[in-house]
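Okay, here's the thing in structure tokens:
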């Protein structure tokens, strides 16, 4: 197998079973988005380069795949187009392009590939599918609650049963800083350190906070309260600051609107500081490290990405993460319902296959050159066929078809004209 | 609307109705391919540049979108990757990559975007979807017949009812040249001219043939016979040459194997001379200029494109052409089943929406800031909602929900707990 024949580094070919599994997953979340009244959106694979660059920071810009100018401009070595890096910048562009032609609020979902020139690694690809849903143009708490309900149903539709939606808000985080007298210039670094409480021992987090410049006693109190079993400890502290109170009220309102869903208040959860403006969430599930979905409210982002100034809230489901987990325990490949051997009488055989297909049965006809039954049965077996049809000289004379059940090995003789209904019933009852 | 906000030249954004229409079309052909036992294949958007260049001729190479090297190599202005130009080269690469891991024969379909830096124009895009199905590894006539049957069912599944599959073969074309004593070096140009009989007057075609170097009497005889109403004229001439006889036998065999399908022998139909090796076909339909599907046998192509030397036969359905025709008479946009207004009692409203969604109803909740019913009804109307729910103070007190049928304008009062079953029944019976 020549090296050159592999797909490009960081990309994947999806053969039959993979495509079917992925398409089924896409269809399952699509169905959820549709039920919630989200509209699908498909944008081009590439955008003008100026639409993309400068939106993801210097590190992000380096990961954008740039497309060379064409024709006489090719020699310039310049790029004028670039492959989309995410589905959010195209959304902002679409909101700018179509404005009032879009429903208000604009609830859209998008499931499609994005491209990043990241160093390929385990579970890290240069072409991967994102699955985003967003509500642009609503500041309502109901929109926030709807996003949480959608992510809940979406994750469940992908077959993940046990999971928690961790909820927090920017206001809670600001309140925390206020309540524990964190100097405003240390706010960002302190929150980033607190976010590590999942992975690091509390003492290490305290040490890092002190290193960041926090007073040792404040750092210790903050970590103690955040790791306390009783969530009321942190609630009581938040109640002591204006922003903390606002944040708590917002969280409690959302907990109320999502009653019945596995949503929990996670006061130390931090996400994309320069991105989110209101509620934030992460979904963690048994068997997965890290989150399998996340999102929040990002009222300034559409404008920052070149769109109009509109409030927005949304989420992203980690389809690839969930799919790669499922691939580990993937089921058997789906095969043919019926494999039709060819032992003469080709015209009748082709007609029979046409009728089986018209009846909705997944039917393959032997297309090889061997007239030997053994070889044809080997083919049928490799196709994971449920049933094999034999129509050799003896059957042709008698006007019958031999139907072999490939699971049980049993054979029955069925009149030629009754084969389609016989097999349809057999496949339906299987 | 800023110019910069438009999608890049030659590309399109697909908003809700377009996406739904396109996805429905993709699903319809996919279902046909699956019934015929074809397997789906998805390959990356880009390939190594050396995989693509040199496969489409000089003109084709110019239309390939090339991706700039990244990181320190970006300044070189060189490209190492390129967006796929069709789905055939990736197929050849996959056959080379996976070899015996693939089923034999390998029947695959692919529906996905390809990119060409063509000059954009009416119906000509730089990003468009191709829909290919191919059988690699079978030389059987049954494979040829299966491709014809598949294209028939595929085109029908896309809603095209009246169409003809024009069938020819390379051997018939060679036989024609032999029968009419066309010097071998003129073969190619003569066939290209004959292919114009669809568009040009016979006299003009004769003139062009003479210009090409054919004797005037031969040119006249050739055109007369090809345009004769009686197909037996051309059959008789073909019978006089060895290749012509072979070609006729092949065509007749396929006509036999596709009995019942609208397949007709089209002796003057020429397709991709340096490409196809056996049967060729084109599908023409009422209301379309040019073909809406085409294909043939191309036994040398997989090897020429860098794959192993394997026989192959396949076809391509002009999805974009068919879709653009349908767009002209597109139906109304699909809206919400239920629009839920918000007049207080938000927690109960959200719960009701969750239940409606769980029952499979496409449900939207008013997410705006207005408490005025008129404004909320306007929103429901813009969402093309079939039913609107009102749960204001009076309803809350009575434990009822007002259900307004947006088509008839009628309103009924339904107990809160009976709303879901009431609406499910109403939507199902609509």
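Chains as they are written, first to last, in this note's numbering: chain H, 374 to 803; chain P, 374 to 803. Where a beta carbon is used, it is the ideal one built from N, C-alpha and C, also for glycine. Quantities reported herein were computed from a predicted structural model and do not represent experimental measurements.
With respect to the C-alpha of residue 649(P), the residue from 675(P), 661(P), 410(P) and 575(P) having the closest C-alpha is 675(P).
Apart from sequence neighbours up to five positions away, the residues of its chain that approach residue 736(P) with a beta-carbon distance below 7 Å are 709, 710, 711, 713, 726, 729 and 730, ordered along the chain. At a cut-off of 7 Å between C-beta atoms, residue 586(H) does not count as an interface residue with respect to chain P.
By the beta-carbon neighbour count (other beta carbons within 10 angstroms, threshold 16), residue 444(H) is exposed. With its beta carbon at least 7 Å from every one in chain H, residue 566(P) lies outside the interface.
A distance of 7 Å or more separates the beta carbons of residue 437(H) and residue 409(H).
Interface criterion met: the Cβ of residue 387(H) is under 7 Å from a Cβ in chain P. For residue 414(H), the closest alpha carbon among the candidates 399(P), 415(P) and 393(P) is that of 393(P). Setting aside the 5 residues that flank it on each side, residue 686(H) is surrounded in the same chain by 508, 516, 517, 520 and 670, each with a C-beta closer than 6 Å to its C-beta; the list follows chain order. Per the DSSP secondary-structure output, residue 584(H) pairs with nothing in a beta bridge. In the three-state reduction of the DSSP assignment, residue 520(P) falls in the helix class, which pools H, G and I.
Residue range 479–488 is occupied by the beta strand (DSSP E) that includes residue 482(P). Contact annotation: in the region 409–427 of chain H, residues whose CB is within less than 8 Å of a CB in chain P are 409, 410, 412, 413, 414, 415, 416, 417, 418, 419, 420, 421, 423 and 424. The three-state secondary structure of residue 769(P), taken from DSSP, is helix.
Membership of residue 461(H) in the alpha helix (DSSP H) is indicated by the continuous run 461–471. In this structure, residue 654(H) places its C-beta atom within 7 Å of the C-beta atom of residue 538(H).
Put simply, the CB of residue 770(P) is far from chain H, with every gap to its CB atoms at 7 Å or more. The beta carbon of residue 529(H) does not come within 7 Å of any beta carbon belonging to chain P, so the residue lies off that interface. Residue 532(P) is not a Cβ neighbour of residue 405(P), given a cutoff of 7 Å.
For residue 406(P), DSSP assigns no beta-bridge partner whatsoever.
Within 10 angstroms of the beta-carbon of residue 423(P) lie fewer than 16 other beta-carbons, which makes it exposed. Taking C-alpha positions only, residue 657(H) is separated from residue 407(H) by approximately 24 Å. Chain-order list of chain H residues neighbouring residue 435(P): 443 and 444, by C-beta distance under 8 Å. Closest in C-alpha terms to residue 385(H), from the list 698(H), 547(H) and 497(H), comes 497(H). Taking C-alpha positions only, residue 768(P) is separated from residue 721(P) by approximately 12 Å. Counting only unbroken stretches of 4 or more residues, the alpha helix (DSSP H) elements lying wholly within the region 569–628 of chain P are 575–585, 589–600 and 604–612, in sequence order. Interface criterion met: the Cβ of residue 478(P) is under 7 Å from a Cβ in chain H.
Contact of residue 500(H) with chain P by beta-carbon distance below 7 Å involves 417 and 418. In the DSSP annotation of this structure, the continuous segment of the beta strand (DSSP E) that includes residue 508(H) starts and ends at 500–509. Under the Cβ criterion (8 Å, minimum of three pairs), the region 628–642 of chain P counts as touching the region 596–609 of chain P. Interface with chain P (7 Å Cβ-Cβ cutoff): residue 693(H) is excluded. Look at residue 756(H) here: in three-state DSSP terms it is coil, with no helix or strand label. Every alpha helix (DSSP H) stretch that sits fully inside the region 429–465 of chain P and reaches 4 residues is listed by chain position as 430–435.
Taking residue 418(P) as the centre and dropping the five residues before and after it, the same chain places the C-beta of 456 and 457 closer than 7 Å to its C-beta, in chain order. If you compare the alpha carbons of 573(P), 546(P), 569(P) and 570(P) with that of residue 560(P), the shortest gap goes to 546(P). Sequence-distant partners of residue 679(P) (beyond 5 residues in either direction) whose C-beta falls short of 7 Å from its own C-beta, in its chain, are 424, 465, 466 and 469.
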